[in-house]
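This report refers to the structure that appears directly beneath it.
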């Protein structure tokens with residue numbers, strides 16, 4: 427069985443949707459950020475602070491290659507994971523990529539109290555989100571097999587993904 431790969435900007439609902447899909451479809455869930463944290467025995471903010479973003483991105487790439495060999499999983503990718511073409515190629519070998527699409531306003535609202543995302547630990551959060559989304563949205567769309575409106579209730583998002591994954595159409 428193929429994997430369901432979730433991608434999207436931070437705050438798009440990848441973790442929430444991943445957990446719901448895992449429970450509903452009885453498929454194991456791997457969150458790439460959590461996987462990296464366990465592998466390195468460090469939190470993502472620690473990795474960024476102590477080893478740098480380039481070390482994190484290389485680890486992320488290694489994890490993509492490793493996870494591409496699995497079958498029958500829900501894989502929730504970090505916000506920057508599928509920005510690199512080689513990571514997209516790796517995970518696509520094992521499954522279908524669903525881009526959870528949200529607006530800047532939704533991201534800012536959902537992450538208003540977040541303290542665990544290194545890229546947002548700044549005063550100018552709105553500008554950072556705007557610039558990152560402007561840069562990343564075309565790459566997410568290019569990586570995606572299907573684009574899902576993730577501003578719907580999580581249950582509806584899951585139903586849409588399941589319908590596509592199990593039926594092969596984009597209703």
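In the numbering used here, the protein residues as written are 427 to 597.
Virtual Cβ for every residue (Gly too), placed ideally from N, Cα, C.
- Straight through space, the alpha carbons of residue 534 and residue 496 are spaced by roughly 34 angstroms.
- Take residue 469, set aside five residues on each side of it, and the residues of its chain with a beta-carbon closer than 7 angstroms to its own are 463, in chain order.
- Apart from sequence neighbours up to five positions away, the residues of its chain that approach residue 522 with a beta-carbon distance below 8 angstroms are 428, 429, 430, 431, 571, 572, 590, 591, ordered along the chain.
- Closest in alpha carbon position to residue 529, among 471, 575, 498, is 575.
- Taking every protein chain shown into account, the CB of residue 586 has 16 or more other CB atoms within 10 angstroms, so this residue is buried.
- Here residue 508 is near residue 517, since their CB atoms are less than 9 angstroms apart.
- Residue 489 and residue 552 have their C-alpha atoms spaced approximately 30 angstroms apart.
- In the DSSP assignment, residue 527 falls within the unbroken beta strand (DSSP E) covering 521–527.
- Relative to the Cα of residue 511, the nearest Cα in the group 532, 441, 568, 579 belongs to 568.
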